[in-house]
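Residue numbers (the UniProt record's numbering): 1 to 62.
Written out as structure tokens, the structure reads:
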């Protein structure tokens, strides 16, 4: 059984390595900066157009 304390030690080590590698840049990172890519209106548009193309293909096959 994996001890919970070992998991936290592992996470602490990962954090230390990250800060060592990225230093000041890590402190200046904007929280949720990647949120833009997961909630982009462009993605919604692409999904909508893709759906419309699928509908058109189904009509053409019939």
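No residue lacks a Cβ here, since even glycine has one placed at the ideal position from N, Cα and C.
Alpha-carbon to alpha-carbon, residue j and residue i
i	j	result
residue 33	residue 12	23 angstroms
residue 44	residue 5	42 angstroms
residue 29	residue 22	10 angstroms
residue 15	residue 61	54 angstroms
residue 48	residue 54	10 angstroms
residue 3	residue 9	10 angstroms
residue 46	residue 31	26 angstroms
Cβ-based neighbour list, residue i, same chain, cut-off 7 angstroms, excluding 5 preceding and 5 following
i	result
residue 26	18, 19
Spatial neighbours of residue i in its chain, beta-carbon cut-off 6 angstroms, leaving aside the 5 residues before and after
i	result
residue 58	none
Threshold first: 4 residues or longer. Then list the alpha helix (DSSP H) segments lying entirely within the UniProt domain "Longin" (1-34), N to C.
Taking only runs of at least 4 residues, the alpha helix (DSSP H) segments lying wholly in the UniProt domain "Longin" (1-34) are 4-28.
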